[in-house]
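Mapping the sequence shown onto the working numbering, position 193 (from 1) lands on 205, and the numbers just tick up by one. Below: the structure, in structure tokens.
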Amino acid sequence: MIYFDYSATTPIDPRVLELMTEVHANAIGNPSSVHRFGQKARSTVERARRQISSAVGCDPTEIIFTGSGSEANNLVLRNLLYGEKQHVVLSSIEHPSIYNTVKELEPLGITNTVVDVDGAGRVNPDEVLNAIQEETGLVSIMMVNNEVGTVEPIADMANECKNRNIPFHSDGVQALGKIPLDVKELGVTSMSFSAHKLYGPQGVGVLYLSGGEELHPLIAGGSQENGRRAGTENVAGISGFGLAAELAAIEVQSEMERLSHLRESFTSIIKENRPEVIINGHPSATVPGVVSLSIPGISAEKLVMKLDMDGFAVSAGAACASGSPKPSPVLKAIGLSNELNRQTIRISFGRFTTTEEVDSLVNTLLEYIPLSEAEMAV
């Protein structure tokens, strides 16, 4: 079985797994305890905090550990309830942990403006900034889209928001490890990350929060994370996140180049042999490991099942929406019809993807694409 669903989750890197196994075996203390065992666990957590802060370009005190990227997004958005300004600006292609949370906050008095994207999935910075109102307390635009891979012009918007004294949040879950990233250069107030998107463990997230910003905890309890996120820290998971972030920062440039070659090879063969296939997303402002294909006449669900039976794991859209009968809001936002929406698959490459595997997948796809939906039945 060959894995082509890196955007949903990445396989854990063997180096990360080795470290976590060691931590599980030896770091038995509670990081809040003052005895030797507790302090060893605390040291492990703080080392990871330094590794992550170095990878994203901030101070270790600005890193808050959470249970997921979705929790980190919720932590920022739900803090609107405590502020005087209760309006948020977001894009039409945000992750459900942003979009659905904003909708859930509407009955509680949080208003919103959703800014459309173009056909490549990119926002116009001027339209985002023009959507800001007197009551705007937050602008939230994701950095990399999880379905089509488009990279948003975050710095243009974030730095202008900083000039206007308006907090700017960005969902960076699909960005860390895929493109060079420096939160200070971007100018964001906050940014969310997730370990399992960069070859770390599932169930560990991070919120970068610029120093001096107030934050009411989403989870009340003890004083962990300087009172910003209660609950005993997942020491082994956090250690894995730290090493995964360090490795990703070291390898990001070479990995971008390698994956760009794989993507170019894959898409050029598709374009040459099946010109009717639509490649979604921006032609240049994109992460190299994501390819979204709309294949007229073929059900994405059936194609995914057929490929699975032949030993290839791909997805019909985002993992968080798989199985949903509704069309993808992201694909709808970039202008795809409901029919094309349901004929779109996402293929995502990563650290362990080989040239031979990509060649095998594209050759299999070329065999399937001429088939009718009836012939595709499994």
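Each residue gets a CB set at the ideal place from its N, CA and C atoms; glycine is no exception. Source: prediction; values computed, not measured.
By the CB criterion at 9 Å, residue 291 and residue 133 fall outside the cutoff. When DSSP states are grouped into helix, strand and coil, residue 217 belongs to the strand group. Judged by DSSP secondary structure, residue 203 falls within the beta strand (DSSP E) whose first and last residues are 202-206. Apart from the 5 residues on each side of it in sequence, residue 342 sits with its Cβ closer than 6 Å to the Cβ of 105 and 159 in its chain, given in chain order. Following the DSSP letters along the chain, one finds residue 130 in no alpha helix (DSSP H), marked with neither H nor E. The beta carbon of residue 144 lies closer than 8 Å to those of 101, 151, 173, 176 and 178 in the same chain, with the five residues before and after it left out.
Positions of the alpha helix (DSSP H) runs, each at least 4 residues long and wholly inside the stretch 68-122, are given as 81-90 and 108-117 in order along the chain. The criterion of a C-beta distance shorter than 9 Å is not satisfied by residue 103 and residue 71. Just so you know, the alpha carbons of residue 168 and residue 214 end up roughly 32 Å apart.
The three-state secondary structure of residue 168, taken from DSSP, is helix.
Closest by C-alpha distance to residue 348, out of 307, 320, 69 and 268, is 307. Note that the stretch 199-213 touches the stretch 70-85; at least 3 beta-carbon pairs, one per stretch, sit closer than 8 Å. Here residue 131 has 346 and 347 as same chain residues with Cβ atoms under 7 Å from its own Cβ, once five neighbours each way along the sequence are excluded. Taking a contact to require three or more Cβ pairs closer than 8 Å, the stretch 60-79 and the stretch 187-196 qualify as touching. Residue 219 counts as buried, since at least 16 other C-beta atoms from the protein chains shown sit within 10 angstroms of its C-beta. The distance from the Cβ of residue 259 to that of residue 370 is about 22 Å, inconsistent with a contact at the 8 Å cut-off.
With a cutoff of 9 Å on beta-carbon distance, residue 362 and residue 271 are scored as near each other.
In the DSSP annotation of this structure, the continuous segment of the beta strand (DSSP E) that includes residue 292 starts and ends at 290-292.
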